[in-house]
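> So the mapping is simple: the working numbering equals the position in the sequence shown, first residue as 1, plus 219. Attaching a single structure in structure tokens format; questions to follow.
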Amino acid sequence: MGRRYCGGHPPASALSPRWRFGYNLVMSIAPFADRVIAELVRIREEAAGHPADCPTADEAARRAGGGLVQRIVVRAGALPGSDAQRRRLRRLLGGAAMAAMVLAVLAGLAGIAAAATALGAREPASLPLVLLVVVGANLLTLVLWMLLQFPGSRIAPGIGSVLLALWRRGIGRGRADGQPPPDALLRVLASGNLARWSAASLVHLAWLSFAVGAVLALTVLLSVRAYALSWETTLLDAEALTAWARLLSVGPALLGVPGADRLPVIDAGDAAQAWSLWLVTAAIAYGVLPRATALAASLAMLWRAQRALASDPSRPGFARLRTRLLPDHQALGTVDVAPPADTVAPRRESATATPVLRGRVHGLCLESSDRGAPPLADVDWVWLGAVDDAGSRESALQRLRGERVEALAIRVRATMTPDRGIERFIGELASAAPAPATLLLDDLDRLRARGADVHARRLDDWQRLADRNGVAVQGLEAAA
């Protein structure tokens, strides 16, 4: 795949009225669109194996200043084709916003219909039956959603598959020249926590609209018509029915409305006005408030998820841009000057010869997924797992500083590019563990398959990185 060079930017055309309202609703926070475009550029450049060659975009990023992440976002927005990507994103999010509004309106109408049907089905209206109709399914689905939030429950992959299928079936089949396929944009929006909390917010919005519609219908109907209300039962005796009514009265009581503890249950018709107020309050307590709370929590998590998009500069597609966008290696207020070629950091004794790992060894792998501890004889692993993002890196460093470390093993793929971000973190690991550190190179067979020259150069790169940080190097094939 050849390099793409910088050209002119096509002017952004005005949005059609069909999409304008949805865009204004969803895109009121412009940085979200910029982060999505930066993530799209990362996916494309990682697939190509190199960053796009666009001096104009690089210069715009350097002029913008700030940290590496901010410059990456500015560069992505200045690349050729970013306007087309932004328009595609506007159309997709505008359509999603309008679809959410339509769903909310339909759900509200369904709530109105459910409340009207439950009240008018028969005379006298059964209070527990009406309450069951307007809040039963709402509460049940809310409980099921809460169960899905426990560790081990995953809904995002299924949501992403559904969205991709909808896209392929006709949401957008066109593809601009030189741009990533439409699937790439949807994969970013339907990935991980973005999909999870977007779906949760949409579901909670629909049920909240249903509950609000039901409450409004109950309020209006009970205000303009005289309904006979009762606590009816065929199976339960009077004592059990009263206990059931008191249990359902807990929610309204928290909102200051009396229930079965003060009102007659068997002769509910004698206090129809008080029971009608109880019914509306119960619908609010068991329908509106739980869903409003769940919606607020989901929106907060969605905000966090979209803020985390394109925020990890250690990803390969972003790490390659460090020297280009930070020519002086300045990041986070500190100057990171590469050591001269003829100087080497003080070596530990373990860096002078191939070590023999044995006994208690702390280990981790620089991967997004945990490959597990390598099967080395005479090694009692204290395995820290996969270390790929800022949170897991900080956690690993804290453990190494706080525990007694006799030896440290860092498992990496030999095919990875040992860039400055990886080198800095390996140096931090070696400094945090007051013990000999060893770099375990995995996937050596894949590296050999790329050719003898590539194999030799990459091993030399890893060796020089290890020498600069006082870390030993060992191939896992030789150790296994």
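Positions of the beta carbon are idealized from the N, C-alpha and C atoms, including for glycine.
Mind checking Thr-573: buried by the 16 CB within 10 Å criterion, or exposed?
Below a pLDDT of 50, predicted positions are generally treated as unreliable, and Thr-573, at 44, falls in that range; the measurement from the model is reported next regardless. Under this definition Thr-573 is an exposed residue.
> In or out: Arg-272 buried (at least 16 other Cβ within 10 Å) or exposed?
Strictly speaking, residue 272 in this sequence is Asp, with Arg absent from that position. The residue in question, Asp-272, is exposed, as its Cβ has fewer than 16 Cβ neighbours within 10 Å.
> In whole angstroms, give me the CA-to-CA distance for Val-690 and Asp-607.
Cα to Cα, Val-690 sits roughly 20 Å from Asp-607.
> Within 8 Å, do at least three Cβ pairs link the region 514-523 to the region 438-446?
Verdict: no, contact absent.
> Taking all protein chains shown into account, decide if His-269 is buried (16 or more other Cβ within 10 angstroms of its Cβ) or exposed.
So His-269 ends up on the exposed side.
> For Pro-250, which of Arg-305, Arg-541, Ala-323 has the nearest alpha-carbon?
Residue Arg-305 is the option with its Cα nearest to Pro-250.
> To the nearest angstrom, how far is it from the Cα of Pro-477 to the Cα of Val-321?
When rounded, the distance between both Cα atoms is 37 Å.
> For Cys-584, which residues does DSSP report across the bridge?
Paired residues: Ala-605, Arg-630.
> If you pair each beta-carbon of the region 591-608 with each one of the region 499-515, do three or more pairs fall below 8 Å?
No, they do not touch.
> For Val-601, collect the residues of the same chain with a Cβ closer than 6 Å to its Cβ; drop the 5 residues on either side in sequence, then sort them by chain order.
If we look at Val-601 and ignore the five residues flanking it on each side, its Cβ neighbours are His-581.
> Hey, which unbroken runs of the alpha helix (DSSP H) at 4 residues or more fall wholly within the region 339-373?
You should have 346-367.
> In its own chain, which residues sit with a C-beta less than 8 Å from the C-beta of Gly-578, not counting the 5 before and 5 after it?
Asp-597, Val-598, Asp-599, Glu-625, Ala-626, listed in sequence order.
> Could you tell me which of Pro-653, Met-635, Ala-671 sits nearest to Leu-684, measuring between CA atoms?
Among Pro-653, Met-635, Ala-671, the Cα nearest to that of Leu-684 belongs to Met-635.
> Where DSSP assigns a beta bridge to Asp-661, which residues make up the other side?
According to DSSP, which records beta bridges pairwise, Asp-661 is partnered with Arg-632.
> Would you check if the region 345-354 and the region 494-503 touch, i.e. whether three or more CB-CB distances between them fall below 8 Å?
Flag = yes, the region 494-503 and the region 345-354 touch.
> Within 8 Å, do at least three Cβ pairs link the region 284-297 to the region 641-648?
No contact exists between the region 641-648 and the region 284-297.
> Taking just the CA atoms, how far does Ala-633 sit from Phe-661?
Residue 661 is actually Asp in this sequence, not Phe. One C-alpha to the other measures close to 5 Å.
> Quick check: what's the CA-CA separation for Ala-511 versus Leu-619?
The alpha-carbon atoms of Ala-511 and Leu-619 are separated by roughly 43 Å.
> DSSP three-state call for Ala-419: helix, strand or coil?
Looking at Ala-419 - three-state DSSP - the assignment turns out to be helix.
> Is DSSP giving Ala-656 helix, strand or coil here?
Reduced to three states, the DSSP call for Ala-656 is strand.
> Taking the C-alpha atoms as reference points, what is the distance between Asp-531 and Asp-679?
Taking the straight line from one Cα to the other gives about 27 Å.
> Measure the alpha-carbon distance for Ala-513 versus Leu-287 and round it to whole angstroms.
One C-alpha to the other measures close to 35 Å.
> Taking all protein chains shown into account, decide if Leu-408 is buried (16 or more other Cβ within 10 angstroms of its Cβ) or exposed.
Leu-408 is buried by the Cβ-count criterion.
> Starting from Ala-691, follow its DSSP beta bridges and name the residues at the other end.
Note: Ala-691 sits in a beta bridge opposite Thr-657.
> By a C-beta neighbour count over all protein chains shown, 10 Å radius and 16 as the cutoff for buried, is Leu-454 buried or exposed?
Exposed.
> Please confirm if the region 324-331 is in contact with the region 425-434, defined as three or more CB-CB distances below 8 Å between the two stretches.
Contact between the region 324-331 and the region 425-434 is present, because at least three Cβ pairs lie under 8 Å.
> Hey, how far is the Cα of Ala-316 from the Cα of Ser-420?
Near 12 Å, if we compare the C-alpha coordinates of Ser-420 and Ala-316.
> Hey, how far is the Cα of Val-352 from the Cα of Leu-359?
Computed Cα separation, rounded: 12 Å.
> Out of Ile-629, Arg-543, Asp-672, Ala-323, point me to the one whose CA is closest to Val-425's CA.
Here residue 425 turns out to be Ala, not Val, going by the sequence shown. The shortest C-alpha separation from Ala-425 is found at Ala-323.
> Is any non-hydrogen atom of the ligand MG found closer than 6 Å to the C-beta of Leu-325, if you look at the structure I gave you?
Looking at this structure, you won't find the ligand MG or any other ligand, since it has none at all.
> For Ser-449, does the three-state DSSP call read helix, strand or coil?
Three-state result, Ser-449: strand.
> Is it buried or exposed, Arg-667, if we count other Cβ atoms within 10 angstroms and call 16 or more buried?
Under this definition Arg-667 is an exposed residue.
> Are the beta-carbon atoms of Ala-257 and Ala-279 separated by less than 7 Å?
Taking 7 Å as the Cβ cut-off, Ala-257 and Ala-279 do not qualify as a contacting pair.
> Under the three-state reduction of DSSP, which class applies to Gly-198: helix, strand or coil?
This structure leaves residue 198 out entirely; the chain is present only between 220 and 699.
> What does Gly-578 pair with, by DSSP beta-bridge criteria?
Partner(s): Val-598.
> So, Leu-308 versus Ala-266, is the Cβ gap smaller than 7 Å?
Not in contact: Leu-308 and Ala-266 (Cβ atoms no closer than 7 Å).
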